[in-house]
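**Q** Just so we're aligned: 550 in our numbering is position 382 of the sequence shown, and the numbers increase by one with no gaps anywhere.
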Amino acid sequence: MDKRDVIVLGAGNAGLCAAISAAECGARVLLLEKAPAEHTGGNSAHTGGAFRVAYKDVQDLQTLMPDLSPAEVEVSDFGSYPADQFFDDLAALSQYRADADVLYKVTYDSLATLQWMVTQGVRFLPIYGRQAVKTDGRFRFWGGLTIEASGGGLGLVQSLCSRAEALGVDIRHESGAVDLFRGSDGGWTVICCDGKRFSSSSVVIATGGFHANLRWRAQYLGPGWDLAKVRGCRYNTGDGIHLALEAGAAAHGNWSGCHAVFYDLNAPMEGDLSLLNMQKNYFHLGVVVNSNGERFVDEGANFRNYTYSTMGREVLRQPGAVAWQVFDQQTIHLLPDEYRTRGASRIEAGSLEELAEKLEGINTLGFLEEIRRYNAAVDTRVAFDPTVLDGRCTRGLAIPKSNWAMVLQEPPFVAYAVTCGITFTYGGLRVDEQACVLDEGGCALPGLYAAGELVGNLYYVKYAGGAGLTSGSVLGRVAGRNAALAAAQPASLSGDWT
């Protein structure tokens, strides 16, 4: 049997960070990935690469972006995002169900972890195109999100893969694990889909959630979820969760909850690395109507970073699971590149009446009446400012728009047809702040660690944009180091570290 110090399952951001961290500690690391090489990277490769990170000022950000020029600093208002605000945001979005110790680890270690990633070859950039608006000659960032990995999620994965290979990590594709069990010596045995067997003192599971498992979606998320489009990786089918549960791990988190967004109606049923950015997340700059022509969400309840992950569930509840986002020329220029993706379902018209006729399947009279009511309800006395919660709202509507309400009046009008795109699931395994997998009694399973989207401790109701890659990096780094230390000293578990 092939024996290694540490085995990592899954080659996304979390798994790669774990493998690198373990290799840095001198461990002989084997990384097993279910997908073929051309689809490597898991959900991470399908993201835009945004990272939410705690920082006091631009000096902190310069440690992550050392090539940030003085001219860029001069014209950019990055503000600050303290660790306690990061913690409070994620806690509130989970309705205070998140495990405080794990949440503290993720948020308070975020800056140090990203600084470590820079030393591993990851390059970060300001998110000028998606998270900043230029006013009075300065870029103003909003929603607690300011940086992204160069090259997006795919660039992130490529950088981490290069570093892992340079450290001697043995990466094997099309090698998904089908069995995981402890031997009489206390070590772990992993059996791959091709029948190969590997043994190790320590295993890190980072195989993602079950968003691509049609049967589990219907079983755990509920009726209709088997019809949702898969926004991310098609290989995230809950394999690692299943293996850990069979080995004695505790199920944890919100198994009926998930991150799901407005997704272009023309998008493929499964995520495609050649056709990314089919999500439509800037609905807060317009209005959203269903096939009856009715609005069904408060588009301006908060920055889209804090509300977009619930929109897939909302549109799935609508007739035909379809809706339209509608904009006029006052805000269309603020939409990012995801609205200009090849194949996007863009519909343009010179009048609202003409637009209504072009929206296939919509109740045209209902739509026009809804827009008339909405336009009449906008409080135009308040100035529009997309960089803050501006309070520019509607008055007297059953479903308000709480911020950024603009009268739809400047043609041409543009609409995008959207449906539900599921990104990842919230339910998974219970871990502690050292990324140890816990059993039903709250005890760590010796030598078993987990990181990434299968961690069930963090997201319950809503999700803050950029938190996923950050939490995967923080817990992946912790898991890898602790796995290496446990392999070197199997009689004792490693302690806390920073």
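Ideal placement from N, C-alpha and C gives every residue a C-beta, glycine not left out.
Under the rule that 16 or more other beta-carbon atoms within 10 Å means buried, what is Met285, buried or exposed?
**A** Flag for Met285 reads buried.
**Q** Near Leu236, what residues of its chain come up, given a Cβ to Cβ distance below 6 Å and the 5 sequence neighbours on each side ignored?
**A** Same-chain partners within the cutoff: Gln230.
**Q** What do you reckon, are the CB atoms on Val465 and Gln493 nearer than 8 Å?
**A** No. Outside cutoff.
**Q** Anyone know if the C-beta pair for Gly376 and Asn211 falls short of 8 Å?
**A** The answer is yes: Cβ separation under 8 Å.
**Q** Mind pulling the alpha helix (DSSP H) runs of 4 or more residues that sit fully within the region 475-548?
**A** 479-484, 520-526 and 532-545, all fully within the region 475-548.
**Q** By how many angstroms is the C-alpha of Asp347 removed from the C-alpha of Gln657?
**A** The straight-line gap from Cα to Cα measures roughly 25 Å.
**Q** If you follow the alpha helix (DSSP H) that Trp284 is part of, which residue opens it and which one closes it?
**A** Per DSSP, Trp284 belongs to the alpha helix (DSSP H) from Ser278 to Thr287.
**Q** If you draw a straight line from the C-alpha of Val270 to the C-alpha of Glu601, how long is it?
**A** The alpha-carbon atoms of Val270 and Glu601 are separated by roughly 4 Å.
**Q** Suppose only complete runs of 3+ residues qualify. What are the beta strand (DSSP E) ranges in the region 178-230, listed by chain order?
**A** DSSP runs (the beta strand (DSSP E)) wholly in the region 178-230: 197-200.
**Q** Mind checking who Glu316 pairs with in its DSSP beta bridge?
**A** DSSP lists Ala218 and Leu293 as partners of Glu316.
**Q** Cα separation between Arg172 and Ser367?
**A** Using only the alpha carbons, I get a separation of about 6 Å.
**Q** Use the C-beta contact count for Ala551: other C-beta atoms within 10 angstroms, 16 or more gives buried, fewer gives exposed.
**A** Exposed: under 16 other Cβ atoms inside 10 Å.
**Q** Please confirm whether Ala179 and Ala655 have their CB atoms less than 8 Å apart.
**A** Against a cut-off of 8 Å, the Cβ pair of Ala655 and Ala179 comes out as no contact.
**Q** Could you pull the start and end residues of the beta strand (DSSP E) that Asn458 belongs to?
**A** First-last of the beta strand (DSSP E) with Asn458: Val455 to Asn458.
**Q** Quick check: what's the CA-CA separation for Cys426 versus Ala251?
**A** About 25 Å.
**Q** Please classify Ala524 as buried or exposed, where buried requires at least 16 neighbouring CB atoms within 10 angstroms.
**A** So Ala524 ends up on the buried side.
**Q** According to DSSP, which residues form a beta bridge with Arg365?
**A** According to DSSP, which records beta bridges pairwise, Arg365 is partnered with Ile359.
**Q** At 3 residues or longer, what runs of the beta strand (DSSP E) sit wholly inside the region 372-451?
**A** If we require 3 residues or more, the beta strand (DSSP E) runs fully inside the region 372-451 come out as 426-432.
**Q** Please classify Ile590 as buried or exposed, where buried requires at least 16 neighbouring CB atoms within 10 angstroms.
**A** Classification of Ile590: buried, given that the 10 Å Cβ count is 16 or more.
**Q** Looking only at DSSP bridge pairs, what is Asp558 linked to?
**A** In the DSSP output, where bridge partners are listed per residue, Asp558 has none listed.
**Q** Opposite Asp170 in the DSSP bridges: which residues?
**A** Bridge partners of Asp170: Phe366.
**Q** Under the rule that 16 or more other beta-carbon atoms within 10 Å means buried, what is Arg510, buried or exposed?
**A** Label assigned to Arg510: exposed.
**Q** Within the same chain, show all residues whose beta-carbon is closer than 6 Å to that of Ala651, passing over the 5 residues directly before and after it, in chain order.
**A** Hits under 6 Å: Val174, Ala190, Ser370, Val372 and Tyr617.
**Q** Starting from the C-beta of Gly408, find all residues in its chain whose C-beta is less than 6 Å away, skip the five residues before and the five after it, and write them out in chain order.
**A** Cβ within range, chain order: Leu177, Ile373, Thr375 and Leu622.
**Q** By a C-beta neighbour count over all protein chains shown, 10 Å radius and 16 as the cutoff for buried, is Ser641 buried or exposed?
**A** Buried, since its Cβ has 16 or more Cβ neighbours within 10 Å.
**Q** Taking DSSP's pairing of strands, which residues face Cys611 in a bridge?
**A** None, per the DSSP bridge assignment.
**Q** Between Gln498 and Glu516, what straight-line distance do the alpha-carbon atoms span, to the nearest angstrom?
**A** Cα to Cα, the separation comes out at about 14 Å.
**Q** How big is the Cα-Cα spacing for Ala585 and Asp432?
**A** Computed Cα separation, rounded: 6 Å.
**Q** Would you report the Cα separation of His501 and Val301, rounded to the nearest angstrom?
**A** His501 and Val301: Cα-Cα distance of roughly 11 Å.
**Q** Would the region 211-221 count as touching the region 623-640 if we require 3 or more Cβ pairs under 8 Å?
**A** Segments in contact, yes.
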